[in-house]
Amino acid sequence: MAAYVLRRVLWGLVLLVLVSLLTFVVFYVLPSADPAQLRAGRNASPATLAQIRDSLGLDRPLTAQYWTFLSQVAFHANLGYSYFSQAPVGSLLVDRLPATISLTLGAIVIWVLVAVPLGVVAATRRGTWVDKLTTGGALLGISAPVYWLGLVALYLFADDIGIWPLFPGAGSYVPFTDDPWQWFTSLILPWIVLASTFTAVYARLLRGNMIEVLSEDYVRTARAKGLSERRVVWRHGLRAAVTPLVTLAGLDIGLLLGGAVLTETVFGIPGIGRLNYEAIVHADYPVIQGTVLLAACFVIVANIAVDVAYAYLDPRVRTA
Amino acid sequence: MPRPVKRALPLLALCTAVLALGACGSSNNDGGAAATVDNGSGGQRGGTLTLLTSQDIQSLDPGITYGSLDLNLLSSAVRTLYAYAPDNPTDIQPDLAASAPQVSPDGKTLTVRIRSGVKFGPPVNREVTSRDVKYAIERGFNPHVANPYASTYYGDVVGADRATGGPIAGIKTPDNQTIVFELTRPTASLLAQATVLPLSAPVPPEYAKPLDAKSPSTYGNHLVSSGPYMISADRDGDVLGNGYVPGRSLRLVRNPNWSAATDDRPAYLNEVDFRIGGSPTVSGRQVLAGDGLVLGDSPTPALVKKAYQTARDQIFFSPGAGSRYAALNTAIPPFDDANLRKAVSAALDREQMRRIRGGEIVGEIASHFLYPGVLGFEEGGGQDGTGADFLENPQGDRALAERYMRAAGYADGRYTGDETLQIVGLAGAPDSNDAQIVDQTLQDLGFKTQLKLVDVSVMYGRFCGVPRARVHVCPNLGWIRDFADPQTVLNPAFNGNFIFPENNPNWPQLNDPAINRAMARGELTVGDQARADAWGAIDRQVTATGAAIPWLWDRQPNVFSADVRCVPELWNQGHCDFAYTSLK
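The following block contains the structure:
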């Protein structure tokens, strides 16, 4: 198992290098904004542009620029400096990461706590009003764009612009270390909004998996042996049905930790997603590279974690 | 002159819904050039103003800053030699300077006396001298700073052509309170006006030099205040992670060393907080419903409509917020033919283009390039226009267009060439709609077209500002003056000497020798009226070429909470001036 994990980690490192190379190539090859021009404004002479390129190191050969970046990351853990704010990219990431982690973890808790019971109940009560309500609600949740849902939530429940002012609104986020209670209340609406789509997707998937699993021979055997329905469903059925979802959850969590840009934007949460978006707007390559690598890291780590969890949930994987 | 992207096209469009307001523009606050503006006197002291903005600060370094929001911020944190009063966007008044600028009779020397008693904020804490202004300007030529307009406005200073950040021979400081600029050409009056830009704000060399030695300079993150406010910083003056967290927040607090006796500005507020990164859709509503808030972004069309209908005293339309035009590439066929250009101008329905953005409320239909509030506007034709027949009818004149087509050799009034015109416009309504109107107009005249809609920075950086991209039409261009002088509007935009292989500001690539010569003379013209006459005439010349189609003189909407007595900076698109604004 340890060798397997080690292999995955090494492969993950290779992937990170490839991702960084791809990001670099995309940034310079595709028609995007020129950071020197953005910094200079449209009145700058070619000489001024040249000065700015020199100052930012943009006039060096692309291979040299990439090598500098790679060697700085590998040997000095230095992601460089933002073209825009001149702040170290590492500190920008560290500053934004807690908000994104807070947002993601809270949303996960909600979607797991809601999606699993909904999926199970809908599967075990197929065709009843509970099932119809669950699947219909899930369809609504999947269809509603997060940005729109966020706006609706704010217009309904935010304490500054809402019709029923129940929760703190956009821009109210504070770090947990500053004020835990305000941290919690400010994230209630974003958590619910971010979790809604995932809840819907996972509830539907789980329902489908459960229906399939509950018709398996071993479930029939379990019932024949006299096990209670609750034990059959929750112990034998759910365990098998939830396994494929763990893979999906791993990817989703990794992606969300890389930034939930729409939710962060609509609720004014200074997270990694916003940082990435702003960096793209400003053609701030070092920050783009930093946020992309961070997101890739999360996805890779989540994948490894999923594989380990898989081995726990499914004994066949362990012995394979 | 055009500012960086976020200043270049600042006016977020207003949806057609706003048009339904019908009588927009008929109120006292109609945003017209004659709109009366609060000058802020008698405000209440104290309180915290919070600015909500989706956009981060571009730079805190006065040697770099060029964006609208950044200028608004810096105008309260540093003191330039001269500045505009918020209600007068035309005439400069002394700020750090003690008196009006003294221009020598030959126009080649500018002398400025500096106030005594102005002190730097922490951690420098000493009196500002003329040497600090000298260093501030010299560092603009330092490649690590690379000021975007230093060579344009300070380029005539003796020795500036060789400057790389060290002393410039033509900037002299005979004593602590005097700075003298010696110029190679008689452009001193233009230079005096250019000192309203933040490059002339004092920078303490003993503090900034080590920071300027870094590439790029990090002085912006250690900005030393000379104005009524400063960015909250640690003991060493580092604002990063203290008063300024990129993409999150910025906090302006009182500069403890500021003395009201040395400043004409009241500085009522105790603090100004920037909350960065929210959605303008939400922030706008928060501003209208909340207390002590102003919106740093252009309000969304829905918000403008809501404010206009329900909270008229919480919205201000700033006149003179720039102009919009469509450029026709004069360097390549088919628009190297002036008659074809005029045909397109004549056919274009500029009224519809404005209607898409919100109608009268968003500005006046433009008929030339100097816009209201810029010196020379009246001389260039004023509201009535230059008399060019192809711009007379805002709804478009198909018959006239066909006459111009025939004059260009197309007997049936339709273009019959084979080439496909490349049109590059802005993605996202209503800009994309405006681009589509131009596209449709061209097709109606028989042109084959290919419309490409891209992001604003891509439009300028990869297409419209790059001659080798061979774009035929750029319909969504915008221009904002740097200060009230007409040269800043017309010179780079239409002077053949400003056609650069990249970052080209002369988008139609107009290279008319007569116009170039007139501009060369205009640059050296001294005196307000003489300059207004000279540049007004140039405006008429440029308009007559049909190289670009002026279609809107912008008004910029700004919104604020009911308890905010916003004193808008007319020179800077009507943002609330922090040094004059107060809470009710």
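Line by line, the protein sequences give chains B and X. For the first sequence, position 121 (counting from the first letter as 1) is numbered 134 according to our numbering, and the numbering increases by one without interruption. For the second sequence, position 255 (counting from the first letter as 1) is numbered 730 according to our numbering, and the numbering increases by one without interruption. Glycine included, every Cβ here is placed at the ideal spot set by N, Cα and C.
Cβ neighbours of residue i in the same chain (closer than 6 Å, five flanking residues each side left out)
i, result
"Ala-802/X", "Cys-949, Leu-952, Trp-982, Pro-983 and Ala-1023"
"Gly-700/X", "For the sequence presented, residue 700/X should be read as Ser rather than Gly. The answer, listed in chain order, is Ala-552, Gly-596 and Asn-730."
"Val-1042/X", "Asp-513, Gly-515, Pro-561, Asp-1052, Tyr-1055 and Thr-1056"
"Ala-742/X", "Pro-703 and Ala-1054"
Spatial neighbours of residue i in its chain, beta-carbon cut-off 7 Å, leaving aside the 5 residues before and after
i, result
"Asp-713/X", "Asn-696 and His-697"
"Gly-507/X", "With a pLDDT of only 39 at Gly-507/X, under 50, the local geometry of the prediction cannot be trusted, and no value is derived from it."
"Gln-827/X", "Ile-912"
"Asn-986/X", "Gly-971 and Ile-974"
"Thr-198/B", "Phe-180 and Pro-181"
"Ser-501/X", "Note on Ser-501/X: pLDDT 32, under 50, position unreliable in the model; no value is reported."
"Arg-881/X", "Gly-888"
"Pro-188/B", "Pro-111 and Trp-196"
Beta carbon proximity, residue i to chain X, threshold 8 Å
i, result
"Gly-281/B", "yes"
"Gly-271/B", "no"
"Ile-65/B", "yes"
"Pro-158/B", "no"
"Thr-126/B", "The identity of residue 126/B in the sequence shown is Leu, whereas the question assumes Thr. Judged by the 8 Å Cβ criterion, Leu-126/B is not in contact with chain X."
"Ser-115/B", "no"
"Pro-59/B", "yes"
"Arg-73/B", "no"
"Asn-56/B", "yes"
Cutoff 8 Å: residue i Cβ touching any chain B Cβ
i, result
"Ser-690/X", "yes"
"Pro-685/X", "no"
"Phe-958/X", "no"
"Asn-696/X", "yes"
"Tyr-783/X", "no"
"Tyr-559/X", "no"
"Phe-1035/X", "no"
"Pro-967/X", "yes"
"Pro-721/X", "yes"
Enclosing beta strand (DSSP E) for residue i [first to last residue]
i, result
"Lys-647/X", "646-650"
"Tyr-885/X", "Note, Tyr-885/X: premise wrong, no beta strand (DSSP E); not H, not E."
"Met-705/X", "704-706"
"Arg-799/X", "798-803"
"Thr-733/X", "Contrary to the premise, residue 733/X reads as Trp rather than Thr in this sequence. Element bounds for Trp-733/X: n/a, residue is neither H nor E."
"Trp-954/X", "948-954"
"Leu-985/X", "Careful: Leu-985/X lies outside any beta strand (DSSP E) and carries neither H nor E."
"Thr-895/X", "895-901"
Segment limits, alpha helix (DSSP H) that includes residue i
i, result
"Val-1034/X", "Looking at the DSSP string, Val-1034/X is not in any alpha helix (DSSP H); the run it does join, the beta strand (DSSP E), is 1031-1034."
"Glu-826/X", "825-832"
"Tyr-991/X", "Inspection of the sequence shows that residue 991/X is occupied by Asn rather than by Tyr. 988-998 is the span of the alpha helix (DSSP H), which, as asked, contains Asn-991/X."
"Leu-35/B", "15-42"
Near the ligand HEM: residue i beta-carbon under 7 Å from a heavy atom
i, result
"Val-1001/X", "Summarising the ligand content, the structure contains no ligands, and the ligand HEM is consequently not present."
Nearest-angstrom Cβ-Cβ length linking residue i and residue j, presumed shorter than 8 Å
i, j, result
"Ala-1054/X", "Ser-543/X", "Wrong, their Cβ atoms sit about 16 Å apart, outside the cutoff."
"Ile-293/B", "Ile-301/B", "6 Å"
"Leu-823/X", "Gly-871/X", "6 Å"
Backbone secondary structure at residue i - three-state DSSP
i, result
"Cys-1051/X", "strand"
"Gly-507/X", "At Gly-507/X, the pLDDT of 39 sits below 50, so the modelled position is not reliable; the number obtained from the coordinates is stated separately. Reduced to three states, the DSSP call for Gly-507/X is coil."
"Ser-820/X", "helix"
"Arg-760/X", "helix"
"Val-929/X", "strand"
"Thr-1018/X", "helix"
"Gly-518/X", "coil"
"Thr-278/B", "helix"
"Leu-748/X", "The residue you asked about is not Leu; residue 748/X is Asp in the sequence shown. Looking at Asp-748/X - three-state DSSP - the assignment turns out to be strand."
"Arg-252/B", "helix"
"Lys-583/X", "coil"
"Thr-653/X", "strand"
"Glu-977/X", "coil"
"Leu-527/X", "strand"
"Trp-1028/X", "strand"
"Lys-923/X", "strand"
"Ala-959/X", "coil"
C-beta neighbour in chain C for residue i, strict 8 Å
i, result
"Gln-195/B", "No chain C is part of this structure, whose protein chains are labelled B and X."
Own chain, CB closer than 8 Å to residue i, minus 5 neighbours either side, in chain order
i, result
"Ser-734/X", "Gly-592, Val-593 and Lys-594"
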